[in-house]
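Visitor:
There are 2 protein chains.
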Amino acid sequence: MLSKKTKYGLKALSYLASLEDRQPVQIAEIAKHENISQKFLESILLTLRKSGLLGSKKGKGGGYYLIKDPKDILMTDVMRILEGPIALVPCVSLNFYEKCEDCPDEATCSVHKLMLQVRDSALTVYRHNTLADLIK
Amino acid sequence: MLSKKTKYGLKALSYLASLEDRQPVQIAEIAKHENISQKFLESILLTLRKSGLLGSKKGKGGGYYLIKDPKDILMTDVMRILEGPIALVPCVSLNFYEKCEDCPDEATCSVHKLMLQVRDSALTVYRHNTLADLIK
DNA sequence: TTAATACCCTATCGATTTGATAGACTATGC
DNA sequence: GCATAGTCTATCAAATCGATAGGGTATTAA
Numbered sequence: 001m002l003s004k005k006t007k008y009g010l011k012a013l014s015y016l017a018s019l020e021d022r023q024p025v026q027i028a029e030i031a032k033h034e035n036i037s038q039k040f041l042e043s044i045l046l047t048l049r050k051s052g053l054l055g056s057k058k059g060k061g062g063g064y065y066l067i068k069d070p071k072d073i074l075m076t077d078v079m080r081i082l083e084g085p086i087a088l089v090p091c092v093s094l095n096f097y098e099k100c101e102d103c104p105d106e107a108t109c110s111v112h113k114l115m116l117q118v119r120d121s122a123l124t125v126y127r128h129n130t131l132a133d134l135i136k
Numbered sequence: 001m002l003s004k005k006t007k008y009g010l011k012a013l014s015y016l017a018s019l020e021d022r023q024p025v026q027i028a029e030i031a032k033h034e035n036i037s038q039k040f041l042e043s044i045l046l047t048l049r050k051s052g053l054l055g056s057k058k059g060k061g062g063g064y065y066l067i068k069d070p071k072d073i074l075m076t077d078v079m080r081i082l083e084g085p086i087a088l089v090p091c092v093s094l095n096f097y098e099k100c101e102d103c104p105d106e107a108t109c110s111v112h113k114l115m116l117q118v119r120d121s122a123l124t125v126y127r128h129n130t131l132a133d134l135i136k
């Protein structure tokens, strides 16, 4: 299940991308427009800023804004930042690989085999979608 | 992330499918072979039995066994029984649909649009995999 | 018929995660 | 220097997860 953090983050990014200009937008405006708890959104936007997707400006007239063009923001990156691994199981994760302690052999593991396919199919989707695609 | 319940359930099903005959297999044997907590596995096998994938036999010589041929057991069914919805968000779920309370319009929701594609890609994988495919 | 076997069911428990809130701090612009 | 708006830390209730304990019940072999 998708976490609310990811859901809200996606909505916030989409909202920013939908605006014509790239002027800073206040947290409060985003929260209100997308029906999100403002304080919770604060921490999410902070994450997005620290990972380089958003810029911020303090003080009057401040807020958050997209750094890159929406068509250059891949969903693979967004999902990994917000949700973490795309794979459903660590042993098939590209960026967050971990060996399963209970599984003696990945090559013959039925779960591994199935989850590998699921990961690839999800990756394909995320790689073919940019932020610009989501707001069309 | 895939729950251990699903992971263990898949492993147990695979183990049963890998055996030549369809004689009842004791919980203890499955648990030992797959490195699973026996008590936890009990509840999982119970779920699988109640949903019609497994049969059980009590008393001496009892255990669990597959009811259908492995090639007739679709991963869509297995995943829905063990993990629940295949969709990452209720508003794109076929079997567990729920409206998002915060989202005013699904048609224009960017999250909805993305998650619909992810669901379809996962469904395609699960529909093309039977239990027989996993143990090849 | 009886006793062993093995599935069935309920309850509980600690750990972790999640979503949300509060409050103080800091930088900016007028 | 004061209002504005992002930044950071701490906390918290609720839910979920994985696991465990312990007794109940049906079946079978002897």
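From first to last, the protein sequence lines stand for chains U and G.
Numbering of the first sequence is given in the UniProt record's numbering, commencing with residue 1 and proceeding in unit increments.
Numbering of the second sequence is given in the UniProt record's numbering, commencing with residue 1 and proceeding in unit increments.
Yeah, the Cβ is synthetic: ideal placement off N, Cα and C, and Gly gets one too.
1. Strictly under 8 angstroms for the Cβ-Cβ distance: is I30 of chain G near chain U by that measure?
2. With distance defined between alpha-carbon atoms, name the residue in U:G59, U:A28, U:A12 and U:I67 nearest to R22 of chain U.
3. Between the Cα of Y65 of chain G and the Cα atoms of G:L41, G:Y97, G:A122 and G:L45, which residue gives the shortest distance?
4. Under the three-state reduction of DSSP, which class applies to residue 138 of chain U: helix, strand or coil?
5. List the residues of chain U whose Cβ lies closer than 8 angstroms to the Cβ of I81 of chain G, in chain order.
6. Give me, in chain order, the residues of the same chain whose beta-carbon lies closer than 6 angstroms to that of A87 of chain U; leave out the 5 immediate sequence neighbours on both sides.
7. What are the partner residues of T76 of chain G, as DSSP defines its beta bridges?
8. For chain U, find out if any of its Cβ atoms is closer than 8 angstroms to the Cβ of residue 153 of chain G; answer yes or no.
9. Would you please verify whether the beta carbon of D77 of chain U is less than 8 angstroms from any beta carbon of chain G?
10. Do Q26 of chain G and G63 of chain G have their C-beta atoms within less than 8 angstroms of each other?
11. Let me make sure I understand the geometry here. Which of G:V111, G:K32, G:M75 and G:T130 has the alpha-carbon closest to that of M1 of chain U?
12. Does chain U have any CB closer than 8 angstroms to the CB of D102 of chain G?
13. Quick check on G9 of chain G: buried or exposed, where buried means 16 or more other Cβ atoms within 10 Å of its Cβ?
14. Taking just the CA atoms, how far does F96 of chain U sit from S18 of chain G?
15. So, helix, strand or coil for G63 of chain U, using DSSP?
16. Just to confirm the assignment, what range does the alpha helix (DSSP H) spanning Y8 of chain U have?
17. Is D102 of chain G closer than 8 angstroms to N35 of chain U when the C-beta atoms are compared?
18. Specify, as a first and last residue, the run of the alpha helix (DSSP H) that F96 of chain U falls within.
19. Near H33 of chain U, which residues of its chain fall below 8 angstroms by C-beta distance, leaving aside the five closest residues on each side in sequence?
20. Go through its chain and collect everything with a Cβ distance to M79 of chain G's Cβ below 8 angstroms, but skip five positions before and after it.
21. Under 6 angstroms Cβ to Cβ from M75 of chain G, same chain only, skipping five residues before and after it: list those, please.
22. Answer with yes or no whether the minimum CB distance from I67 of chain G to chain U is below 8 angstroms.
23. From the DSSP secondary-structure annotation, give me the bridge partner or partners of V25 of chain U.
24. Identify, in the order they occur along the chain, each residue of the same chain with its Cβ nearer than 6 angstroms to the Cβ of A24 of chain U, setting aside the five sequence neighbours on each side.
Guide: Result, derived from the coordinates:
1. Counted from its first residue, the second sequence places residue 30 of chain G at position 30. False, the Cβ-Cβ gap to chain U never drops below 8 angstroms.
2. In the first sequence, the residue the question calls residue 22 of chain U occupies position 22. The shortest C-alpha separation from R22 of chain U is found at U:I67.
3. Within the second sequence, the letter at position 65 stands for residue 65 of chain G. When only C-alpha atoms are compared, the closest one is G:L45.
4. With chain U running from 1 to 136 in the structure shown, residue 138 of chain U is simply not present.
5. Within the second sequence, residue 81 of chain G is the residue found at index 81, counting from 1. Ordered by position in chain U, no residue passes the 8 angstroms Cβ test against I81 of chain G, which lies about 15 angstroms from the chain.
6. Within the first sequence, the letter at position 87 stands for residue 87 of chain U. Closer than 6 angstroms at the Cβ level, and outside the excluded window around A87 of chain U, lie S93 and R119.
7. For the purposes of this step, residue 76 of chain G is taken as the residue at position 76 of the second sequence. Paired residues: none, contrary to the question.
8. A question about residue 153 of chain G goes unanswered here, because the residues of chain G that appear run from 1 up to 136.
9. By 1-based counting over the first sequence, the position of residue 77 of chain U is 77. So, not an interface residue.
10. As a working mapping, residue 26 of chain G is identified with position 26 in the second sequence. As a working mapping, residue 63 of chain G is identified with position 63 in the second sequence. Taking a C-beta distance under 8 angstroms as the contact criterion, Q26 of chain G and G63 of chain G qualify as a contact pair.
11. Position 1 of the first sequence holds residue 1 of chain U. Cα-wise, what sits closest to M1 of chain U is G:V111.
12. Along the second sequence, read from residue 1 onward, the residue named residue 102 of chain G stands at position 102. Answer yes: the Cβ-Cβ gap between D102 of chain G and chain U drops below 8 angstroms somewhere.
13. Counting from one through the second sequence, the residue named residue 9 of chain G turns up at place 9. Buried.
14. Position 18 of the second sequence, counted from the start, is the residue given in the question as residue 18 of chain G. Position 96 of the first sequence, counted from the start, is the residue given in the question as residue 96 of chain U. The C-alpha of S18 of chain G lies about 30 angstroms from the C-alpha of F96 of chain U.
15. The residue given as residue 63 of chain U occupies position 63 in the first sequence. DSSP places G63 of chain U in the strand class (E or B) of the three-state scheme.
16. Working through the first sequence from its first residue, we reach residue 8 of chain U at position 8. Its alpha helix (DSSP H) spans residues K4 to S18.
17. What you label residue 35 of chain U is simply residue 35 of the first sequence in a count that begins at 1. What you label residue 102 of chain G is simply residue 102 of the second sequence in a count that begins at 1. For the 8 angstroms CB-CB criterion, N35 of chain U and D102 of chain G form a contact.
18. The count along the first sequence starts at 1 and reaches residue 96 of chain U at position 96. In the DSSP assignment, F96 of chain U falls outside any alpha helix (DSSP H), carrying neither H nor E.
19. To locate residue 33 of chain U, count along the first sequence from 1; it is residue 33. If we look at H33 of chain U and ignore the five residues flanking it on each side, its Cβ neighbours are Y15.
20. On the second sequence, residue 79 of chain G is found 79 positions in, with the first residue counted as 1. The answer, listed in chain order, is T6, I86 and Y126.
21. Locating residue 75 of chain G in the second sequence gives position 75, where the first residue counts as 1. Closer than 6 angstroms at Cβ, skipping near neighbours: Y126 and N129.
22. Here residue 67 of chain G refers to the residue found at position 67 when the second sequence is read from its first residue. With 8 angstroms as the cut-off, I67 of chain G does not count as an interface residue toward chain U.
23. On the first sequence, residue 25 of chain U is found 25 positions in, with the first residue counted as 1. Looking at the DSSP assignment, V25 of chain U forms a beta bridge with U:Y64.
24. Counting from 1 along the first sequence, the entry for residue 24 of chain U is found at position 24. A small fix is needed here, since residue 24 of chain U is Pro in this sequence, not Ala. If the five residues before and after P24 of chain U are omitted, its C-beta is found closer than 6 angstroms to the C-beta atoms of K57, G62, G63 and Y65, all from its own chain and listed in chain order.
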